[in-house]
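Quick note on the working numbering: the sequence shown kicks off at 1 and runs consecutively.
Just so you know, even glycine gets a beta-carbon here, dropped at the ideal spot from N, CA and C.
This report refers to the structure that appears directly beneath it.
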Amino acid sequence: MAKRALVTGITGQDGAYLSQLLLEKGYEVHGLVRRSSTADVNTVRLKWLGIDRDVRLVDGNLTDLSGLIRSIREVKPDEVYNLAAQSFVKSSWQQPLLTGSVTGLGVGNILEAVRLEQPDARFYQASSSEMYGLIQEAEQSEETPFYPRSPYAVAKLYGHWLTVNYRESFGLHASSGILFNHESPLRGIEFVTRKVTDGVARIKLGLASELRLGNIDAKRDWGHARDYVIAMWLMLQQDQADDYVVATGRTTTVRDMCRIAFEHAGVEMDAHLVIDPELFRPAEVDVLLGNPAKAKAKLGWEATTSLEDMIREMVDADLKRLKIG
Ligand code: NAP
Ligand code: F7E
């Protein structure tokens, strides 16, 4: 019989790529979708990958425990991937309590639903490198202490430790992936890589004259979402649940990432890039650099896409989108 997976956040970037991977592996894929007035557009990423008709959607919201219990009872998943979150760091200062309730307490709701209805299901929690925040070690591993720097990171830390706690308290097969930034053509437009590739494509096509950014000295360890969902799946195939850093082991400034996009489009960066102090954050995470040694040793996982190839793929996708649209 086909394995059944329940993916929360299926309409997001990672949800779409993970669903594609699970379908390729023969899973029956169910996705939790929150009700909105624009049901026709929230499956846009699944449509982009051509899998919108292959997944089954269930109504639900991470803040609604009774709905989650019903969903788990209905789907009876073998594996639950908790990807849903208010995931934009900058918005978390505008909406700290909503972020806490979805990105933090929401993890408690889904863990409770799994524990009560399907305790043998394997559980994945989408933890984040943002939890390292004000970094305590130059390279961050599973052993590095956390120091969150935004309401988002504080909420993720709650979800992370609750996952560890449910594993230790109730014996759930619950794993936490501490994923560093990962991007793709399906990345939300508000995140810096996609903002850059969309902005560069617009300038190239004469649809815009400038690109406004905040702190371009910030450094991130960027990988490709298509690679990172493989690590999520691998974690749930292990006999023992555990926590893993998933990263490339290379860090780059926003400025240099931006340069790759401008160069690929053949547009001069200095003539179009504007620094806007309004786009700086109340507290910044200056640098992140992951050490993925444990994921390599135990899962056999490695990032395979370079930052250059990924940014070029994103610029090309944005040029295509804008030409069609
Ligand atoms: P994303 O594109 O922003 O997707 C977030 C998903 O969560 C969307 O499907 C969204 O649904 C759903 N969602 C939001 N609030 C919800 C609620 N109250 N109830 C149910 N669903 C809700 O995020 P992503 O980049 O795919 O990231 C996936 C997960 O990994 C997130 O938890 C994120 O915080 C975490 N993470 C991401 C990265 C990264 O670099 N991408 C790194 C580390 C960790 P709508 O479509 O309705 O908005
Ligand atoms: O910012 C700087 C900004 O919004 C990256 C989420 O997926 O990864 C993501 O969080 C850096 C920051 O991602 C702009 O200040 C400069 O230093 O793309 P971002 P993030 O905050 O790192 C982690 C791992 C997650 O878990 C999150 O869910 O870029 N930056 N200028 C800018 N950032 C944005 N968004 N827009 C700018 O104009």
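Query	Result
The alpha helix (DSSP H) enclosing residue 264, as first and last residue numbers	254–265
Touching by the beta-carbon criterion (3+ pairs, under 8 Å), the region 294–303 and the region 158–174	no
Residue 59 beta carbon near the ligand FAD (any heavy atom closer than 7 Å)	The model depicted lacks the ligand FAD and carries the ligand NAP and the ligand F7E instead.
8 Å Cβ shell around residue 48 - same chain, five flanking residues per side excluded	16, 185, 186
Cβ neighbour criterion (16 or more within 10 Å) applied to residue 13	buried
Contact check, residue 283 vs residue 194, beta carbons under 8 Å	no
Beta-carbon proximity check, residue 76 vs residue 167, cutoff 8 Å	no
Distance between residue 230 and residue 21 (C-alpha atoms, nearest Å)	7 Å
Contacts around residue 88, its chain only, beta-carbon distance under 6 Å, and the 5 residues preceding and following it disregarded	190
For residue 73, three-class secondary structure by DSSP	helix
Coarse secondary structure for residue 227, derived from DSSP in three states	helix
Check: residue 121 C-beta below 7 Å from any heavy atom of the ligand NAP	no
Anticipated Cβ contact below 8 Å, residue 243 with residue 142, distance rounded	5 Å
Alpha-carbon to alpha-carbon, residue 161 and residue 31	24 Å
Straight-line Cα distance separating residue 65 from residue 140	34 Å
DSSP three-state assignment for residue 109, whether helix, strand or coil	helix
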